[in-house]
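**Q** Once you've had a glance at the structure underneath, I'll fire off some questions.
Dropping the structure here:
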């Protein structure tokens, strides 16, 4: 199996899986809150943080598309997707402050990127890997552009078919990417355990001969243990401030104290 070097960490068989707490956009433009989250994680001994660079609202069409998600109590929330993105975008300059804090604390970071500017920024900031979100696994220009930046690449699968995943990996390889990790990304809560298709971790390992991680979308910790048993090399799990009760993705994330 091809190994995957994530900053100071080697991901391969025989090595312990790496836990990746994801701060995502749970802080909703509140940079002070985001810094508090990072400090809390750093003090807890976290080595690598998962974040993103969501700086341009126009990655989402200004239409009537609705996003449906579940609050922490399990109640359904419907929100216009464009408005959801509008309340989450953060200027590049503030992301620079945020990930600069990670560097000052000796923590590395993986960043999801959605456009060329965000990808260039993430590389310049010293991200140890760039991630293609599952929603962009068919975005050939973005995958090719990111693959040319000579930075380790994580490809999130989401609801993609095996053919779509293979095509994305091929685009990345053809564009020059060498270090690639596949990340199994099951359907979000309230998907049943059966619909998490956790055996895909073994399938991806066999088909691509590369390290495979889990982007955990389960309401609880059980899938993390299943992933370890199936040979996952990394475990990504959202974390959110315990003062937040209703937010996109909160139902399958873990609370941390403010």
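Residue numbers (this note's numbering): 15 to 272.
Don't be surprised by glycine CBs; every beta carbon is placed ideally from N, CA and C.
If you drop the 5 nearest sequence neighbours on each side, which residues of the same chain put their C-beta closer than 6 Å to that of residue 126?
**A** The residues are 66, 145 and 147.
**Q** Quick one, are the C-beta atoms of residue 38 and residue 122 less than 7 Å apart?
**A** Not a contact, by the Cβ cut-off of 7 Å.
**Q** DSSP three-state call for residue 92: helix, strand or coil?
**A** Residue state, collapsed to three classes: strand.
**Q** Does the Cβ-Cβ distance between residue 249 and residue 31 come in under 7 Å?
**A** For residue 249 and residue 31, yes; Cβs fall inside 7 Å.
**Q** Apply the 10 Å Cβ neighbour rule to residue 133 and answer buried if 16 or more other Cβ atoms are within range, or exposed otherwise.
**A** Answer is buried; the Cβ neighbour count reaches 16.
**Q** According to DSSP, which residues form a beta bridge with residue 35?
**A** 251.
**Q** Considering only their Cβ atoms, is the gap separating residue 270 from residue 117 smaller than 7 Å?
**A** No, these two residues do not count as a Cβ contact at 7 Å.
**Q** Residue 83 bridges to which residues according to DSSP?
**A** Bridge partners of residue 83: 91.
**Q** Tell me whether residue 234 sits in a helix, a strand or coil according to DSSP, three-state version.
**A** Coil at residue 234, not helix or strand.
**Q** Run the proximity test for residue 141: is its beta-carbon closer than 6 Å to any non-hydrogen atom belonging to the ligand ZN?
**A** The ligand ZN is not part of the structure shown, which contains no ligands of any sort.
**Q** According to the Cβ coordinates, are residue 203 and residue 40 closer than 7 Å?
**A** Cβ distance not < 7 Å, so residue 203 and residue 40 don't count as in contact.
**Q** Could you check the C-alpha separation between residue 218 and residue 224 for me, to the nearest Å?
**A** Rounded to the nearest angstrom, the two C-alpha atoms are 8 Å apart.
**Q** Nearest to residue 187 by alpha carbon, out of 216, 15 and 154?
**A** Selected option, being the one with the closest Cα: 154.
**Q** Are residue 25 and residue 18 closer than 7 Å when you measure CB to CB?
**A** In contact: residue 25 and residue 18 (Cβ atoms closer than 7 Å).
**Q** Would the beta-carbon of residue 191 fall within 7 Å of that of residue 167?
**A** Contact flag set, yes.
**Q** What would DSSP say about residue 140, mapped onto helix, strand or coil?
**A** Note: residue 140 maps to coil in three-state DSSP.
**Q** Inspect the CB distances between the stretch 90-104 and the stretch 65-82 and report whether three or more fall short of 8 Å.
**A** At 8 Å Cβ cutoff, the stretches touch.
**Q** In this structure, does DSSP put residue 197 in helix, strand or coil?
**A** It is a strand residue.
**Q** Tell whether a beta-carbon distance below 7 Å holds between residue 86 and residue 209.
**A** Result no, Cβ atoms of residue 86 and residue 209 do not sit closer than 7 Å.
**Q** Please report whether the beta-carbon of residue 204 lies at a distance below 7 Å from any beta-carbon of chain D.
**A** Among the chains of the structure shown, chain D does not appear; only one protein chain is present.
**Q** For residue 80 and residue 28, what's the separation of their Cα atoms in angstroms?
**A** Distance between the alpha carbons of residue 80 and residue 28: 44 Å.
**Q** Give the DSSP-derived three-state secondary structure of residue 110 in the structure shown.
**A** If DSSP states are grouped into helix, strand and coil, residue 110 belongs with the helices.
**Q** For residue 45, which residues from the same chain have a beta carbon less than 8 Å from its beta carbon, with the 5 sequence-adjacent residues on both sides left out?
**A** Excluding sequence neighbours, residue 45 sits near 104, 108, 111 and 112.
**Q** Can you tell me the Cβ-Cβ gap for residue 196 and residue 226, rounded? I've got them flagged as a contact below 8 Å.
**A** Confirmed, about 5 Å.
**Q** Pull up the CB-CB distance for residue 83 and residue 263, whole angstroms please, since I reckon it's below 8 Å.
**A** Contact holds; Cβ gap of about 7 Å.
**Q** So what does residue 269 bridge to, in DSSP terms?
**A** Answer is 254, bridged to residue 269.
**Q** Give me, in chain order, the residues of the same chain whose beta-carbon lies closer than 7 Å to that of residue 16; leave out the 5 immediate sequence neighbours on both sides.
**A** So the list reads 223 and 224, once near-sequence residues are dropped.
**Q** Can you name the start and end residues of the alpha helix (DSSP H) that residue 54 belongs to?
**A** It spans 45-57 - the alpha helix (DSSP H) in which residue 54 sits, taken as one unbroken run.
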